[in-house]
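Peer 1: The UniProt record's numbering numbers the first residue of the sequence shown as 1 and each following residue consecutively. Structure in structure tokens, see below.
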Amino acid sequence: MFIYISGLKKSYMSGEVKTEVLKGIEMQLEKGEVGVILGPSGSGKSTLMNILGGIDRCDSGKVLVDGVEINKLNENQLTDFRREDIGFIFQFYNLVPNLTVGENIEVVSNISKSPFNIDEVLKAVEMQDKKHRFPRELSGGEQQRVSIARAIVKNPKLLLCDEPTGALDFQTSRSILKLLQKVNKEFGTTILMITHNAAIAAMANRVFKVRSGEIVETVVNQVTVPAERIEW
Ligand code: ADP
Ligand code: MG
């Protein structure tokens with residue numbers, strides 16, 4: 001299994017009060033698959049993704065990515081894992097405002113080791129003519145395309161997308177999902193995507209339904225729907 005999570009628990013303390021946000025997550029995803037985490041706001045989806053991407057640490061349980069038990073990595077190893085192996089895409093794009101599109105991709109820490117160059121990834125997301133623009137000059141959908149280019153330039157093992165279409169209209173969402181599907185097919189990148197839109201689950205190989213810190217159901221789709229045919 002490319003992703004193997006078992007008994008994963010995470011609590012947050014606020015003052016004296018301890019809140020258990022993840023209560024024993026069990027989850028598996030094969031290499032090259034698309035997984036969707038579906039669940040209501042506050043159910044622990046982002047916490048789970050942040051642990052998987054090495055942004056946060058769990059309290060207990062097992063988390064393996066491509067055979068590496070990430071909760072056993074020291075801080076430096078975890079930083080390397082996050083930089084080299086993981087691509088992140090967020091709802092609000094998180095581009096650096098005072099850098100151009102090209103520079104936003106260039107600042108990726110290990111770009112020197114990248115198998116792709118900036119022009120190649122901009123072409124892949126159909127943004128080759130916007131290389132010298134600033135984020136404020138782009139629409140939301142265009143900014144998300146740039147953030148996808150930035151995430152894939154290092155050819156990550158795993159692409160983590162936290163509500164990538166949460167701020168976009170249906171038409172633009174569809175084009176972004178189409179692009180993610182293309183990245184999955186052409187580069188073989190394993191993708192795990194958070195959404196609260198059940199329609200998007202149709203494009204996933206596996207769907208993980210989360211309710212208050214637990215996976216209450218895992219659905220394996222034998223057939224996945226192309227993004228352009230998702231019914232909203
Ligand atoms: P989701 O992404 O499903 O909306 P989150 O994982 O962001 O949910 O949050 C789950 C719960 O954990 C929420 O109740 C949230 O308030 C709490 N939480 C998330 N991050 C922190 C934090 N850093 N400190 C304290 N509580 C947090
Ligand atoms: Mg969230």
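Ideal Cβ positions, reconstructed from N, Cα and C, are used throughout, including at glycine.
#1: Rounding to the nearest angstrom, what Cα-Cα distance links residue 221 and residue 77 in this structure?
#2: Less than 8 Å between C-beta atoms, sequence neighbours within five positions excluded: which residues of the same chain meet that for residue 224?
#3: Assuming residue 207 and residue 189 make a contact with CB atoms under 8 Å, what is their CB distance in whole Å?
#4: Mind listing, in chain order, the residues whose beta carbon lies closer than 6 Å to a non-hydrogen atom of ligand 4?
#5: Taking the straight line between their C-alpha atoms, what separation do you get for residue 67 and residue 168?
#6: Here's a check: name, in chain order, each residue in its chain whose Cβ is nearer than 7 Å to the Cβ of residue 95, leaving out the five neighbours to either side.
#7: Ignoring anything shorter than 4 residues, give me the alpha helix (DSSP H) runs that lie fully in the segment 70-135, in order along the chain.
#8: Starting from the Cα of residue 230, find the closest Cα among 211, 175, 191 and give me that residue.
#9: The beta strand (DSSP E) that contains residue 218, what's its start and end?
#10: By how many angstroms is the C-alpha of residue 40 removed from the C-alpha of residue 212?
#11: Have a look at 16, 65, 73 and flag the residue whose alpha-carbon is nearest the alpha-carbon of residue 86.
#12: Taking the runs of the beta strand (DSSP E) that are 3 residues or longer, which of them lie wholly in the segment 40-72?
#13: Give every residue of the same chain whose Cβ lies closer than 6 Å to the Cβ of residue 4, excluding the five residues on either side of it in the sequence, and list them in chain order.
#14: Where does residue 230 sit, in a helix, a strand or coil, going by DSSP?
#15: Less than 8 Å between the C-beta atoms of residue 53 and residue 6, yes or no?
#16: Take the Cβ of residue 19 as the centre, count every other Cβ of all protein chains shown within 10 Å, and call the residue buried at 16 or more, exposed below.
#17: Threshold first: 3 residues or longer. Then list the beta strand (DSSP E) segments lying entirely within the segment 147-220, N to C.
#18: Exposed or buried, what is residue 10 when buried is set at 16 or more other beta-carbons lying within 10 Å of its beta-carbon?
#19: Exposed or buried, residue 119, counting other C-beta atoms within 10 Å across all chains shown (16 or more means buried)?
#20: At a cut-off of 7 Å, is residue 162 close to ligand 2 when judged by its beta-carbon and the heavy atoms of the ligand?
Peer 2: Once the coordinates are examined:
#1: 35 Å
#2: 34, 202, 203, 204, 205
#3: Between residue 207 and residue 189 a beta carbon distance of about 18 Å is seen, past the 8 Å cut, so the two are scored as non-contacting.
#4: Among the ligands present in this structure, namely ligand 1 and ligand 2, ligand 4 is not found.
#5: 35 Å
#6: 104, 135, 143, 146, 147
#7: 75-85, 101-106, 118-124
#8: 175
#9: 214-220
#10: Their Cα atoms are separated by approximately 8 Å.
#11: 65
#12: DSSP runs (the beta strand (DSSP E)) wholly in the segment 40-72: 60-65.
#13: 28, 64
#14: In this structure, residue 230 counts as coil in the three-state DSSP scheme.
#15: Contact flag unset, no.
#16: exposed
#17: Annotation: the segment 147-220 contains the following complete segments of the beta strand (DSSP E) (minimum length 3 residues), in chain order: 158-162, 190-195, 206-211, 214-220.
#18: buried
#19: exposed
#20: Relative to ligand 2, residue 162 has its C-beta within less than 7 Å of a heavy atom.
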